[in-house]
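Residue numbers (the numbering used here), protein chains in the order written: chain A, 53 to 248; chain B, 0 to 183.
The C-beta atom is built at its ideal place from N, Cα and C for all residues, glycine as well.
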């Protein structure tokens, strides 16, 4: 999905999340394809996740691509453990979850990723922001970034796909250079989000 | 069977295979039984021992051994379901089941009150399972597991081995040593 541009309302964009947008005459990948390409560029082939409809577009691409091994976990802390296990034997790994699921994974991040120094990119679908329809999603959504800050973990927010490939590449490079998890926060403005 | 003797038995046959140890006494006893680069010691993250081992198993062709505990695994029973879903042929989960939370005051765990972890594994489509109560049985089953395809899920009824000095708590070095043995 592209950023808002002249003649393109947010509503229009949300209706066509799979559309390929044209910018400056060059075909662009949509946000989901951009994430897949960034993971490939960083040879990140083990993906552990808990399913989430708002980012299903990207996990579906991953599931259908033989480059990846997508492991479906029952809970987000389990996904963190699986990803760290992959890293421990030399395979780059990432996790996908919702902000509520980040809440489920907090102690795994705190007691495993941080002290062991594991570069696990965490793709987090952010609930509780503008457009949220469910009050139960608001507290954890609001608390996600402050908790990351308390751990000293870097987070980047993607509200649109402007220079997304460069920003993602930089986030993943920082993740590996710092040997710590980096959170890549994906918002409703980027992916369209879950609607009531 | 004493857990420390059972740990020594696992090491006797493990060769150079990676071993992930549950936090607390399991990690301490693995360190004291034989410190080696391919021991992945854990110090927190209770419940994630076998999840770590699963992530390793789907990322290497080598056999991976998880030394889990009943209290920890009860905290993350979903791990068994995910192992059953993934069916990694190279994963052997051994659960030291002393039927209590030994570190927190010897309170009886759910396995003392009827929960059967082997049956949980069976119901999660793990075909190779066993419950063993002495060293001889553990030796027979573990050697069988090493020789064939898994995943294996072995519940070993153990008794605590008594206090043992805490092993060095060095997570970053643990990961560095362990990972280097795979990538160097």
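(message) With a threshold of 8 Å between beta carbons, is residue 121 of chain A in contact with chain B?
(response) Here residue 121 of chain A refers to the residue found at position 69 of the first chain. It does; some Cβ of chain B falls within 8 Å.
(message) By the three-class DSSP mapping on this structure, what secondary structure does residue 169 of chain B have?
(response) Counting from one through the second chain, the residue named residue 169 of chain B turns up at place 170. It is coil, neither helix nor strand.
(message) If I follow the unbroken beta strand (DSSP E) through residue 68 of chain B, where does it start and stop?
(response) By 1-based counting over the second chain, the position of residue 68 of chain B is 69. Residues 63-68.
(request) Compare the C-alpha of residue 102 of chain A against each of A:116, A:123 and A:117 and name the closest. (result) For this step, residue 102 of chain A is matched to residue 50 along the first chain. The shortest Cα separation from residue 102 of chain A among A:116, A:123 and A:117 belongs to A:123.
(message) Please report the straight-line C-alpha distance between residue 86 of chain A and residue 206 of chain A, rounded to a whole angstrom.
(response) The count along the first chain starts at 1 and reaches residue 86 of chain A at position 34. The count along the first chain starts at 1 and reaches residue 206 of chain A at position 154. If you take the alpha carbons of residue 86 of chain A and residue 206 of chain A, they lie about 20 Å apart.
(request) Within 10 angstroms of the Cβ of residue 87 of chain B, are there 16 or more other Cβ atoms? Answer buried if so, exposed if not. (result) Here residue 87 of chain B refers to the residue found at position 88 of the second chain. Classification of residue 87 of chain B: buried, given that the 10 Å Cβ count is 16 or more.
(request) Find the residues of chain B that neighbour residue 98 of chain A, judging by a C-beta separation of less than 9 Å, and give them in chain order. (result) Locating residue 98 of chain A in the first chain gives position 46, counting from the first residue. What residue 98 of chain A touches in chain B: 54, 57 and 58.
(message) On the DSSP bridge list, what partners appear for residue 158 of chain B?
(response) To locate residue 158 of chain B, count along the second chain from 1; it is residue 159. Bridge partners of residue 158 of chain B: B:1.
(request) Would you tell me roughly how many angstroms separate the C-alpha atoms of residue 221 of chain A and residue 121 of chain A, rounded to the nearest one? (result) One-based indexing of the first chain puts residue 221 of chain A at position 169. One-based indexing of the first chain puts residue 121 of chain A at position 69. Computed Cα separation, rounded: 21 Å.
(message) Taking 8 Å as the threshold (C-beta atoms), are residue 169 of chain A and residue 219 of chain A in contact?
(response) Here residue 219 of chain A is taken as the residue at index 167 of the first chain, counted from 1. Here residue 169 of chain A is taken as the residue at index 117 of the first chain, counted from 1. Taking 8 Å as the Cβ cut-off, residue 219 of chain A and residue 169 of chain A do not qualify as a contacting pair.
(message) Buried or exposed, going by whether 16 or more other CB atoms sit within 10 Å of the CB of residue 62 of chain B?
(response) For the purposes of this step, residue 62 of chain B is identified with residue 63 of the second chain, where counting begins at 1. Buried, by the Cβ-count rule.
(message) How far does the alpha helix (DSSP H) with residue 114 of chain A in it extend, from its first residue to its last?
(response) Here residue 114 of chain A refers to the residue found at position 62 when the first chain is read from its first residue. In the DSSP assignment, residue 114 of chain A falls within the unbroken alpha helix (DSSP H) covering 108-115.
(message) For a quick check, are the C-beta atoms of residue 83 of chain B and residue 123 of chain B less than 8 Å apart?
(response) In the second chain, the residue the question calls residue 83 of chain B occupies position 84. In the second chain, the residue the question calls residue 123 of chain B occupies position 124. Going by C-beta atoms, residue 83 of chain B is nearer than 8 Å to residue 123 of chain B.
(request) Return helix, strand or coil for residue 175 of chain A, following the three-state DSSP convention. (result) Against the first chain, residue 175 of chain A aligns to sequence position 123. Correct three-state label for residue 175 of chain A: strand.
(request) Indicate whether the contact test is met: 3 or more Cβ pairs, each with one atom in the region 0-11 of chain B and one in the region 183-195 of chain A, closer than 8 Å. (result) no
(message) I'd like the list of long-range same chain contacts for residue 21 of chain B, defined as Cβ closer than 7 Å, with 5 residues on each side in sequence excluded.
(response) The residue you call residue 21 of chain B lines up with position 22 of the second chain. For residue 21 of chain B, where only same-chain residues beyond five positions count, the Cβ hits under 7 Å are 41, 48, 66, 67, 68 and 71.
(request) Please report how far the alpha carbon of residue 43 of chain B lies from the alpha carbon of residue 190 of chain A, in whole angstroms. (result) Taking the second chain and counting its residues from 1, one reaches residue 43 of chain B at position 44. Taking the first chain and counting its residues from 1, one reaches residue 190 of chain A at position 138. For residue 43 of chain B and residue 190 of chain A, the distance between alpha carbons rounds to 29 Å.
(request) Would you give the residue range spanned by the beta strand (DSSP E) that residue 257 of chain A belongs to? (result) No answer is possible for residue 257 of chain A: it lies beyond the span of chain A, which begins at 53 and ends at 248.
(message) Assuming residue 53 of chain B is part of the alpha helix (DSSP H), what are its boundary residues?
(response) Here residue 53 of chain B is taken as the residue at index 54 of the second chain, counted from 1. Unbroken alpha helix (DSSP H) run through residue 53 of chain B: 48-56.
(message) Just to make sure I have the definition right: I need the residues of chain B whose C-beta is within less than 7 Å of the C-beta of residue 134 of chain A. Which are they?
(response) As a first step, residue 134 of chain A must be located in the first chain, where it is residue number 82. The answer, in chain order, is 50, 53 and 54.
(message) According to DSSP, residue 210 of chain B sits in a beta bridge with which residue or residues?
(response) In this structure chain B extends from 0 to 183, so residue 210 of chain B is not present and cannot be described.
(request) Report the rounded CA-to-CA distance for residue 181 of chain A versus residue 75 of chain B, giving the unit in angstroms. (result) Counted from its first residue, the first chain places residue 181 of chain A at position 129. Counted from its first residue, the second chain places residue 75 of chain B at position 76. Going from the Cα of residue 181 of chain A to the Cα of residue 75 of chain B covers about 30 Å.
(message) Going by DSSP, what residue range makes up the alpha helix (DSSP H) through residue 98 of chain A?
(response) Taking the first chain and counting its residues from 1, the one referred to as residue 98 of chain A is at position 46. Annotation: residue 98 of chain A is outside any alpha helix (DSSP H); the continuous beta strand (DSSP E) that includes it extends over 96-101.
(request) Quick one: list the residues of chain B neighbouring residue 129 of chain A, beta-carbon separation under 9 Å, in chain order. (result) Residue mapping note: residue 129 of chain A aligns to position 77 of the first chain, counting from 1. Within chain B, the residues near residue 129 of chain A are 44, 46, 47, 50 and 75.
(message) For the region 147-172 of chain B, list every residue whose C-beta sits within 7 Å of some C-beta in chain A, in sequence order.
(response) 170 and 171
(request) Helix, strand or coil for residue 20 of chain B, going by three-state DSSP, please let me know. (result) On the second chain, residue 20 of chain B is found 21 positions in, with the first residue counted as 1. Strand at residue 20 of chain B.
(message) If the criterion is Cβ atoms closer than 8 Å, does the pair residue 52 of chain B and residue 92 of chain B meet it?
(response) On the second chain, position 53 is the one that residue 52 of chain B refers to. On the second chain, position 93 is the one that residue 92 of chain B refers to. Cβ atoms of residue 52 of chain B and residue 92 of chain B: closer than 8 Å.
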